[in-house]
Amino acid sequence: MSMFQKLKASIGIGAAKVDTVLQNSEQVQGGIIEGAIHIIGGDIDQQVDAISLKLCTEIKVETDEGVSHERFVLNELQVQDPFTIGAGESLEVPFQLALHEETPVTVLNTRRNKSYVWLETSLDIDFALDPKDRDPLRIRPLPVVEKVLSMIEESGFKMVKADVEKGHLRGSNFVSQSGCYQEIEFKSSGLLASKEIELSFIVDGEQVHCLVEIDRRFGLRGDEYHSFSLAHDASDNEVVAAVQSILSL
Numbered sequence: 010m011s012m013f014q015k016l017k018a019s020i021g022i023g024a025a026k027v028d029t030v031l032q033n034s035e036q037v038q039g040g041i042i043e044g045a046i047h048i049i050g051g052d053i054d055q056q057v058d059a060i061s062l063k064l065c066t067e068i069k070v071e072t073d074e075g076v077s078h079e080r081f082v083l084n085e086l087q088v089q090d091p092f093t094i095g096a097g098e099s100l101e102v103p104f105q106l107a108l109h110e111e112t113p114v115t116v117l118n119t120r121r122n123k124s125y126v127w128l129e130t131s132l133d134i135d136f137a138l139d140p141k142d143r144d145p146l147r148i149r150p151l152p153v154v155e156k157v158l159s160m161i162e163e164s165g166f167k168m169v170k171a172d173v174e175k176g177h178l179r180g181s182n183f184v185s186q187s188g189c190y191q192e193i194e195f196k197s198s199g200l201l202a203s204k205e206i207e208l209s210f211i212v213d214g215e216q217v218h219c220l221v222e223i224d225r226r227f228g229l230r231g232d233e234y235h236s237f238s239l240a241h242d243a244s245d246n247e248v249v250a251a252v253q254s255i256l257s258l
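Each residue of the sequence shown is one higher than the last, beginning at 10 in the working numbering.
Structural data, given as structure tokens:
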């Protein structure tokens with residue numbers, strides 16, 4: 010192995026490449042992503058110290074200096090122990106990765122959807138720039154969450170924005186764990202009775218918790234908070250009652 014070959018590999022020329030092929034790039038909240046990591050050796054033998062899969066999202070961070078956006082790792086999986094990938098060799102490593110229960114929903118009915126989720130695959134190689142692969146994911150809401158969102162829209166509210174923010178949520182019987190949370194924002198159409206509803210959902214086993222923030226632009230009442238929980242298999246009547254508890258605030 011010549012020094013010139015090592016130098017080229019260290020700057021990514023002729024080095025090993027990684028490509029993650031997903032069986033299902035679209036999944037429901039709390040689901041499992043399956044696929045295989047394809048590694049193709051470069052011009053020289055290279056030691057791979059680790060393969061890592063990271064479930065990532067983008068979060069909004071507000072400080073005194075302003076607003077910024079950062080990559081945030083929700084879940085990580087170490088796939089394999091150190092090994093050597095030979096020059097021109099092909100290797101396939103299958104995997105399963107459970108979505109973190111607080112993974113944001115990305116499939117939403119709004120043009121201002123700032124919620125992004127992706128799977129990042131990287132090889133830790135001894136003397137090279139780490140090869141990486143990034144695969145976007147589409148995360149659908151659970152059916153019970155979709156019912157809540159649809160009923161609010163049917164009640165005259167429009168979904169206007171969704172994003173992911175840094176921080177934790179606390180409801181009457183739950184606390185978020187990941188360090189980030191999604192906000193899905195609705196606005197009413199009335200000018201004099203303008204009201205905004207912001208919803209954050211947290212999957213917790215067989216339940217879904219929801220923290221609601223009501224923001225009124227006019228009137229004497231200020232912002233209000235409310236929370237409720239629903240089972241994944243909640244009846245339509247239970248969902249209606251939960252939505253009415255929001256709309257009555």
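No residue lacks a Cβ here, since even glycine has one placed at the ideal position from N, Cα and C.
Coil, strand or helix - residue i by DSSP
| i | result |
| --- | --- |
| I20 | With a pLDDT of only 43 at I20, under 50, the local geometry of the prediction cannot be trusted, and no value is derived from it. |
| D245 | helix |
| L256 | helix |
| A240 | strand |
| A107 | strand |
| A250 | helix |
| T72 | strand |
| Q55 | strand |
| N122 | strand |
| E207 | strand |
| A25 | coil |
| T115 | coil |
| E192 | strand |
| S131 | strand |
| E43 | strand |
| D224 | strand |
| D213 | strand |
| D232 | coil |
| S34 | coil |
| S187 | coil |
Residues near residue i in its chain [Cβ-Cβ closer than 8 angstroms; skip 5 each side]
| i | result |
| --- | --- |
| S236 | G180, S181, N182, F183, H218, C219, L220 and V221 |
| G188 | F81, K175, G176 and H177 |
| E85 | S61, L62, K63 and L64 |
| D54 | M10, T93, I94, G95 and A96 |
| T29 | G44, A45, I46, H47, L62, L128, T130, D142 and D144 |
| E79 | E67, I68, V70 and K175 |
| P140 | G21, A24, A25, K26, V27, S131, L132 and I134 |
Contacting residues, own chain, Cβ-Cβ under 6 angstroms from residue i (five flanking each side not counted)
| i | result |
| --- | --- |
| G214 | none |
| I20 | Model confidence at I20 stands at a pLDDT of 43, short of 50, so the residue's coordinates are unreliable and nothing is read from them. |
Beta carbon of residue i nearer than 8 angstroms to that of residue j
| i | j | result |
| --- | --- | --- |
| L64 | T112 | yes |
| E194 | K156 | no |
| L151 | H47 | no |
| Q316 | L239 | Because residue 316 is not part of the residues shown, which for the chain are 10 to 258, the question remains open. |
| Q191 | V173 | yes |
| V153 | V249 | no |
Residue i CB to nearest heavy atom of the ligand HEM below 7 angstroms
| i | result |
| --- | --- |
| K196 | With respect to the ligand HEM, the structure shown offers nothing to examine, as it has no ligands at all. |
Residues of its chain near residue i, where Cβ-Cβ distance is below 7 angstroms and the 5 sequence neighbours each way are ignored
| i | result |
| --- | --- |
| W127 | C65, R143, D144, P145 and L146 |
| D232 | E222, I223 and D224 |
| L16 | With a pLDDT of 43 at L16, under the threshold of 50, the modelled position of this residue cannot be trusted; read the value that follows with caution. Correct list: empty, nothing qualifies. |
Beta carbon proximity, residue i to chain C, threshold 8 angstroms
| i | result |
| --- | --- |
| G44 | Absent here is chain C; the protein component of the structure consists of one chain. |
(message) Would you call the stretch 53-60 in contact with the stretch 118-133, where contact means no fewer than 3 C-beta pairs closer than 8 angstroms?
(response) yes
(message) Which complete beta strand (DSSP E) runs does the stretch 75-100 hold, if anything under 3 residues is left out?
(response) 75-89 and 92-94
(message) Contact between the stretch 143-152 and the stretch 113-126 is defined here as three or more beta-carbon pairs at a separation below 8 angstroms; is this criterion met?
(response) yes
(message) I want to know whether the stretch 94-111 touches the stretch 29-42 - three or more CB-CB distances under 8 angstroms.
(response) yes
(request) Mind listing, in chain order, the continuous beta strand (DSSP E) runs of no fewer than 3 residues lying wholly within the stretch 144-183? (result) 166-175
(request) Inspect the CB distances between the stretch 87-100 and the stretch 160-168 and report whether three or more fall short of 8 angstroms. (result) no
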